[in-house]
Amino acid sequence: MNIMSAVLITIGLTLIGALGSLLLKIGSAKFRFNILSILKNIHLIMGLFLYIAASIIFMFVLKYADLSYLYPFISLSYVWACLLSIKFLNENMNFYKWISILLIIIGVSFVGFGS
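Just so you know, the sequence shown maps onto residues 38 to 152 in our numbering.
Set out below in structure tokens:
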């Protein structure tokens, strides 16, 4: 696996993690502190599954690239989470949130081009 493949997989797993967050948010509306309720909450189960899957994929990718290079790309999960929350949760974004997203993308680009 080359560095570009590792980066693309890492970006993909940030989307998986953000989808996991979205499902956890949806599932939290029905969350109760008992095992049966948790096991019957498909959104919570799928959200946790996606988090675990993203972590396993990241462990695999770390074999092929430096942590200091790949880890900043994980911040893209914040970008995905914001975009998904707008689309599926009807959350609002203000000017400062959009600027923050832009700064994250710029920062990740600097890491990508600077390494």
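Where a beta carbon is used, it is the ideal one built from N, C-alpha and C, also for glycine.
### Message
Residues in the same chain with beta-carbon distance under 8 Å from Arg69, minus the five sequence neighbours each way, listed in chain order, please.
### Response
Ile75
### Message
What does the Cβ neighbour count give for Leu81, buried or exposed, with the cut at 16 atoms within 10 Å?
### Response
With 16 or more Cβ atoms within 10 Å of its Cβ, Leu81 is classed as buried.
### Pair within 8 Å by beta-carbon distance, Leu56 and Leu126
no
### Query
On the three-state DSSP scale, how would you describe Tyr101?
The DSSP-derived three-state label of Tyr101 is coil.
### Message
Check for me: the alpha helix (DSSP H) holding Met38 runs from which residue to which?
### Response
That residue, Met38, is in no alpha helix (DSSP H); it is neither H nor E in DSSP.
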